[in-house]
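To keep things clear, I will list the structure first and then write my remarks on it.
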Amino acid sequence: MIEGSRPDQLAQVENSIRDFTDAEVAASESQRRLDLAKQAVLDEVARLRDEAESDRDPSLIAVLRHVYWQQRGISSRALAEAARMHVNEMLVAIGPAPSGIACATCGTGLLRTSRSWKPSRRHAGPPLCPDCEAQKREANSRESAGYWLRVRFINEAAVSAPARDWHAATALVLAYPPLSLRVQPGSAHDLQDGIWLAWENARTIRDRLIAAVAAGDDLFECPAKETQLLVETALRMAGWDTARTRDLLDPITSESAHGLLTRLNICRKTAVEAARQRAAQLFPDASETGADGS
Ligand SMILES: [Zn+2]
115 MIEGSRPDQL AQVENSIRDF TDAEVAASES QRRLDLAKQA VLDEVARLRD EAESDRDPSL
175 IAVLRHVYWQ QRGISSRALA EAARMHVNEM LVAIGPAPSG IACATCGTGL LRTSRSWKPS
235 RRHAGPPLCP DCEAQKREAN SRESAGYWLR VRFINEAAVS APARDWHAAT ALVLAYPPLS
295 LRVQPGSAHD LQDGIWLAWE NARTIRDRLI AAVAAGDDLF ECPAKETQLL VETALRMAGW
355 DTARTRDLLD PITSESAHGL LTRLNICRKT AVEAARQRAA QLFPDASETG ADGS
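All residue numbers for the sequence shown refer to this note's numbering, where the first residue is 115 and numbers rise by one.
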């Protein structure tokens, strides 16, 4: 008896509670039936395994295949245990099943390899079969390999100019060590602006230049990438203190820093353009040569 309730209200509550407990009993009975039925299936699998000569017995595999793919209520672990196999072993033995999803490129039906399988969608693209997936990957790496080969070839293009011009450009950069710019080596400013990088770049070019001049060379060659950093930095330095710039250049040349550096930059652009055309022939895009790579 629930205190404080009227008899008619109470009767309704008692009815609903009785319905609820009846339903609970029914649910636990059906859960029990379900467990027994599940166990009966697993017992049958275990019996088949006992009777089979090996875990590759065709009738055992057929049953495992059916239960695994069609009866999701039976866990894969319990099923594999009944067959005295590891889940992965069982998956290999029973093989994949149709997924109902087609490859976006060739239309082949995709196969599920496990219950938790999802179609492969690399780079958020449409689902692809393993063959098309592999082809696409190969094409991508071929293209990007070509791209990086071209970039490297262009960066390494030799820029040739009179040794005197290189001497002037490196002198301008090396005259202003990064410390005088109040930039700490390795600081965020240094890393962002590459001030030490530019200075070290000039220093290595100057060292090679000295060796080349000592060997009697009037012309000096430098890779395009290094030349670009050298000229950009030298132009910045030259603009800061025109009197100091003149003092630095006087022992080397009477030409203006701007004129000299512009000429060096034109040499660089010419070398880069020639390298770009050559690289396009040497390392073409896969897309330009056709999908078969011919
Ligand atoms: Zn395909």
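The C-beta atom is built at its ideal place from N, Cα and C for all residues, glycine as well.
Return yes when the C-beta of T284 is under 7 Å from any heavy atom of ligand 1, and no when it is not.
Proximity of the beta carbon of T284 to ligand 1 is not indicated: no heavy atom of the ligand is located closer than 7 Å.
Is the beta carbon of L344 sitting closer than 8 Å to the one on A371?
no
Let me check understanding here. Comparing Cα to Cα, which of A326, L333, K339 and R186 lies closest to L311?
K339
Can you tell me where the alpha helix (DSSP H) with P244 in it begins and where it stops?
P244 to N269
Note down the Cα distance separating L349 from E369, rounded to an integer number of angstroms.
14 Å
Say yes only if the C-beta of T219 is nearer than 7 Å to one or more non-hydrogen atoms of ligand 1, and no if none qualify.
yes
Taking the alpha-carbon of G221 as reference, which of N202, E247, V201 and M199 has the nearest alpha-carbon?
The shortest Cα separation from G221 among N202, E247, V201 and M199 belongs to E247.
Between the Cα of E195 and those of T376, H281, L156 and G214, spot the shortest distance and give me the residue it belongs to.
L156
Does I416 come out as helix, strand or coil in the three-state DSSP assignment?
In the structure as shown, the chain begins at 115 and stops at 408. Residue 416 is therefore absent and cannot be evaluated.
Just the C-alpha distance for F134 and L178, rounded to the nearest angstrom, thanks.
39 Å
Nearest to Y261 by alpha carbon, out of A393, S142, P121 and Q126?
A393
Using only the alpha-carbon positions, how far apart do D406 and P240 sit?
Its pLDDT being 40, under 50, D406 is placed unreliably in this model, and the value from its coordinates should be taken loosely. If I take the Cα positions, the gap works out to 22 Å.
Using a Cβ-Cβ cut-off of 8 Å, state whether P233 counts as contacting chain C.
Among the chains in the structure shown there is no chain C, since it carries only a single protein chain.
Consider the C-beta atom of L148 and the heavy atoms of ligand 1; say whether any pair is separated by less than 7 Å.
A distance criterion of 7 Å places the beta-carbon of L148 beyond contact range of ligand 1, judged by its closest non-hydrogen atom.
Would you kindly work out how many angstroms separate the C-alpha atoms of A357 and A283, rounded to a whole number?
For A357 and A283, the gap between their C-alpha atoms comes out near 16 Å.
Spatial neighbours of V482 within its chain, please: C-beta separation below 7 Å, excluding the five flanking residues on both sides.
It is not possible to answer for residue 482, since the shown part of the chain is limited to 115 through 408.
Regarding L225 and ligand 1, is the C-beta to nearest heavy atom distance less than 7 Å?
No; taking the cut-off as 7 Å, the Cβ of L225 has no heavy atom of ligand 1 nearer than that.
What residues in its chain sit with their C-beta under 7 Å from that of T367, if we drop five residues either side in the sequence?
R278, A282 and L374
By alpha-carbon positions, which one of Q342, A388, D399 and L362 ends up nearest to N379?
Taking only the C-alpha atoms, the option nearest N379 is Q342.
In three-state terms, what does DSSP make of F334?
strand
Pop quiz: R161 and D169 are said to be a contact at Cβ under 8 Å. What is the actual Cβ separation, rounded to whole angstroms?
Rounded, the Cβ-Cβ distance is 14 Å, inconsistent with contact.
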